[in-house]
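The opening position of the sequence shown corresponds to residue 1272 in my numbering, with each subsequent residue numbered one higher.
Don't be surprised by glycine CBs; every beta carbon is placed ideally from N, CA and C.
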Amino acid sequence: MVEASHSEDTQRALSLLRESNQDQILAEFEKRTAEEQQAFVQQVLHLDKVTPGGLTDYVLRARRFLDDSKNNVNPFDNYKPEIPHGFDLIPGEPLFEEMEELGLQELSKVGFVLIAGGLGERLGYSGIKIDLPVTTVEEDYFYLKFYVQYVKACRERAVALMDPSQDLSDFQVPLCIMVSDDTYDRTVKLLESHNYFDLDRAHLDIVKQENVPALLDNDGKIALVDGQLKAITKPHGHGDVHTLLYQNQVAQKWLKQGKEWMVFIQDTNALALKTIPSVLGVSKKNNWEMNSIAVPRKPGESIGAICRLIDQTDNTKEVVINVEYNQLDPLLKAKWEKGGDVASDKGFSYFPGNTNTLVFKLAEYVENLEKTKGVIPEFVNPKYADEARTTFKAPTRLECMMQDYPKLLQNKGAVGFTTYETWYCFSPVKNNIKDGAVLSAKNMPSFAASQGEHEFFQWTNKMLEKVGVQIEYNTEAEDYNGIKLAFGPKILLDPTFALTMNELKQKFQGVNRISKNSTLILSGKDAQVQDLTLDGFLRVEGSNKATGEVTNTERVELEHSTEADSEVYRIRGFKPKHLTN
Ligand code: UGB
1272 MVEASHSEDT
1282 QRALSLLRES
1292 NQDQILAEFE
1302 KRTAEEQQAF
1312 VQQVLHLDKV
1322 TPGGLTDYVL
1332 RARRFLDDSK
1342 NNVNPFDNYK
1352 PEIPHGFDLI
1362 PGEPLFEEME
1372 ELGLQELSKV
1382 GFVLIAGGLG
1392 ERLGYSGIKI
1402 DLPVTTVEED
1412 YFYLKFYVQY
1422 VKACRERAVA
1432 LMDPSQDLSD
1442 FQVPLCIMVS
1452 DDTYDRTVKL
1462 LESHNYFDLD
1472 RAHLDIVKQE
1482 NVPALLDNDG
1492 KIALVDGQLK
1502 AITKPHGHGD
1512 VHTLLYQNQV
1522 AQKWLKQGKE
1532 WMVFIQDTNA
1542 LALKTIPSVL
1552 GVSKKNNWEM
1562 NSIAVPRKPG
1572 ESIGAICRLI
1582 DQTDNTKEVV
1592 INVEYNQLDP
1602 LLKAKWEKGG
1612 DVASDKGFSY
1622 FPGNTNTLVF
1632 KLAEYVENLE
1642 KTKGVIPEFV
1652 NPKYADEART
1662 TFKAPTRLEC
1672 MMQDYPKLLQ
1682 NKGAVGFTTY
1692 ETWYCFSPVK
1702 NNIKDGAVLS
1712 AKNMPSFAAS
1722 QGEHEFFQWT
1732 NKMLEKVGVQ
1742 IEYNTEAEDY
1752 NGIKLAFGPK
1762 ILLDPTFALT
1772 MNELKQKFQG
1782 VNRISKNSTL
1792 ILSGKDAQVQ
1802 DLTLDGFLRV
1812 EGSNKATGEV
1822 TNTERVELEH
1832 STEADSEVYR
1842 IRGFKPKHLT
1852 N
């Protein structure tokens, strides 16, 4: 019986390989032991199951994409780019306040999707990125914890705004985490080791994207691991999230629970969450089905650009969509202006940067998933080793991107974007310290861990200043392996303390001053600060009220890290030094 099913499996796997013209693998198969063959048969059947459209279809699609890529076919050939118009928000301005107030009412109707399938390869970190500290001032304050704190704070605010006679026992702000083969085990372990942060498990979903076969050449030959009868597989890209939310019924479930919005956040951009109340307000006001958070972008910066693309075959059709940075300049040169991605008089590109923080309107999103199953159009991006574009430097694969969602929409007019200044919403941790230093020397954002931590504190310093707190900035920058940063006050603002600018205003009463050497940890919706002069270390939590003059010699200083330090510190070039009284 077992043998019969084995042989059925083998027949099926071999026929898949034949259909997709994998002659070299079929020849290799014959040379291997029965055990190796069986393991490979199971891998082929698994890949057939998890690869969109099945293995044969995948290889056939890949050949078409590879052919177009070899011949330099521009995927935007039928489109003419135009400058897009979105919504600009500046904290402190009346429109910003109006949007935050509007968005606050929507917090009870939101669910969060954390996109965490990527590995920190570019970052030089061997762990999963969501276990990296957002700030080293509190070592266990890692990204996942910060995000969970945000989700909990949203629930708390939403409940405060609800009718107290309502039964709220099952009311939660749901969270879904998308992981991949690379991150699944370690994400679950991280959650388990923190007892799932006491989240209601019925409102926490984990969905897993699968790897797809990597291809050796333009004929779509599947690449094998050196010396083994085993296919090399690679991630299919974060665009899988749409299919997974559909297949796992997450989006549908949230809709049934009365949710109206779904927000995608990335693994290491803590600042994205600062936009949530106001960006929800913008989505609500404009009734947008998709709203991307954008930032001003320097020409040439390695971040996708939001463009308005007019269909040249039918100019009544247009779409507002991300164009990846490697495709932007050629597209603009060919169809927009011969200088390509040039700077405006403000020094920025005319095409704002996409931060991949995305807000979807759930009812229309689910309706669209029912029609399209969330399958995002793919692309291929091989790195060629020769001019004829026939050999690759490394095996490649088809990929898809979450921000390509507008391609699935009929009603393309319902897509918009909201631009904030970069300091307010975007400082992802992606690059290792060397690459970060090269970018920094070119006056570009480094996207290094050191900068991520610096910007996290700068956000709070700037916002507190806007609500009237006197912040003593540090004017002397320190060079951390080529990235120069001037750390002033290190204020860890937990989301439970304040979610909106108005709440921050309410929390800091009277005249408050914070010196540049201070470390201040703020958490809890009932904690309060009034007429505080701080020079030292202070923790304000629970229902504490910090007031008066607080001076101590307790400090968290940052000293240079060395090769002997852990990766967490090596990737940022510094480590904290806790000085006690
Ligand atoms: N991710 C997955 O979950 N699965 C995957 O297979 C791959 C990634 P990157 P990327 O905002 O800075 C995007 O690698 O894709 C997760 C935009 O395309 O950090 O290079 C991963 O864990 C680009 O337009 O980004 O570039 C992470 O959370 C630009 O806006 C997220 O996907 C850029 O992001 C993003 O992955 C940016």
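Q) At a cut-off of 7 Å, is Lys1479 close to the ligand UGB when judged by its beta-carbon and the heavy atoms of the ligand? A) no
Q.
Using 8 Å as the cut-off, can you tell me whether the region 1667 to 1675 makes contact with the region 1321 to 1339, which would need three or more C-beta pairs spanning the two stretches below that distance?
A. yes
**Q.** Nearest neighbour of Ala1576, chosen from Ser1554, Asp1612, Glu1830 [CA to CA]
**A.** Asp1612
Q: On a CA-only basis, which of Phe1358, Gly1374, Gly1491 is nearest Met1772? Give me that one, please.
A: Gly1374
Q) How long is the line joining the alpha carbons of Asp1438 and Val1430, rounded to whole angstroms? A) 10 Å
Q.
Between Lys1776 and chain C, is any beta-carbon pair separated by less than 8 Å?
A. No chain C is part of this structure, which consists of one protein chain only.
Q: Could you tell me whether the region 1473 to 1493 touches the region 1439 to 1456, where touching means 3 or more Cβ pairs closer than 8 Å?
A: yes
Q.
Which residue marks the beginning of the alpha helix (DSSP H) containing Arg1568, and which one marks its end?
A. Per DSSP, Arg1568 belongs to no alpha helix (DSSP H) and is neither H nor E.
Q.
Is Met1672 close to the ligand UGB? I mean its beta-carbon at under 7 Å from any heavy atom of the ligand.
A. yes
Q) Does the separation of the CB atoms of Ala1543 and Val1450 fall below 8 Å? A) no
(Q) Closer than 8 Å is the cut-off here; do at least three beta carbon pairs connect the region 1557 to 1574 with the region 1622 to 1640? (A) yes
Q: Work out the CA separation of Ser1291 and Leu1331 for me, nearest whole Å.
A: 7 Å
Q.
Whether or not the region 1379 to 1397 and the region 1598 to 1609 are in contact is what I'm after, with contact meaning three or more pairs of Cβ atoms, one per stretch, closer than 8 Å; do they touch?
A. no
Q) Cβ of Lys1545 versus every heavy atom of the ligand UGB: is any distance shorter than 7 Å? A) no
Q) Cα-Cα, which of Asn1345, Glu1774, Ile1754 is closest to Gly1844? A) Ile1754
**Q.** 8 Å Cβ cutoff met for Leu1756 and Ser1721
**A.** yes
Q.
In the DSSP output, what is Ile1592 paired with across the bridge?
A. Cys1578
Q. Quick one: what does DSSP say Met1449 is sitting in, helix, strand or coil?
A. strand
(Q) By alpha-carbon positions, which one of His1849, Thr1833, Ile1536, Leu1850 ends up nearest to Ile1842? (A) Thr1833
Q.
For the structure I just gave you, are there three or more beta carbon pairs, one from the region 1583 to 1591 and one from the region 1401 to 1410, closer than 8 Å?
A. no
**Q.** Buried versus exposed, by CB contacts within 10 Å (16 or more), His1356
**A.** exposed
Q | Span of the beta strand (DSSP E), counted from its first residue to its last, around Pro1506 | A | 1504 to 1506
Q. Would you say Thr1304 touches the ligand MN, meaning its beta carbon is less than 7 Å from a heavy atom?
A. The model depicted lacks the ligand MN and carries the ligand UGB instead.
Q.
Using 8 Å as the threshold, is the C-beta distance between Ala1769 and Leu1775 below it?
A. yes
Q.
Comparing C-alpha positions only, which one of Cys1696, Ala1719, Tyr1751, Ser1717 sits nearest to Lys1733?
A. Cys1696
Q.
With DSSP as the reference, identify every bridge partner of Gln1741, one or two as the case may be.
A. Arg1784
Q: Could you tell me the distance, in whole angstroms, from the CA atom of Leu1288 to the CA atom of Ile1296?
A: 8 Å
(Q) Measuring only the C-alpha atoms, how far is Gly1759 from Phe1688? (A) 32 Å
Q) By how many angstroms is the C-alpha of Leu1390 removed from the C-alpha of Gly1853? A) Since the first residue shown for the chain is 1272 and the last is 1852, residue 1853 is missing from the structure and cannot be characterised.
Q) Buried or exposed: Pro1653, going by 16 or more other Cβ atoms within 10 Å of its Cβ? A) buried
(Q) For Phe1417, which residues in the same chain have their Cβ closer than 6 Å to its Cβ, ignoring the five residues on either side in sequence? (A) Val1405, Ala1541
Q | Assumed close pair Leu1470, Val1419 - CB separation to whole angstroms, cut-off 8 Å | A | 7 Å
Q. Leaving out the 5 sequence neighbours to the left and right, which residues in its chain are closer than 6 Å to Leu1516 when beta-carbon positions are compared?
A. Ala1522
Q) For Trp1730, which three-state DSSP category applies? A) helix
Q | Residues that Arg1810 bridges to, as DSSP identifies them | A | Ile1792
Q. Which same chain residues, not among the five before or five after Leu1316, have their C-beta less than 7 Å away from its C-beta?
A. Asp1280, Arg1283, Ala1284
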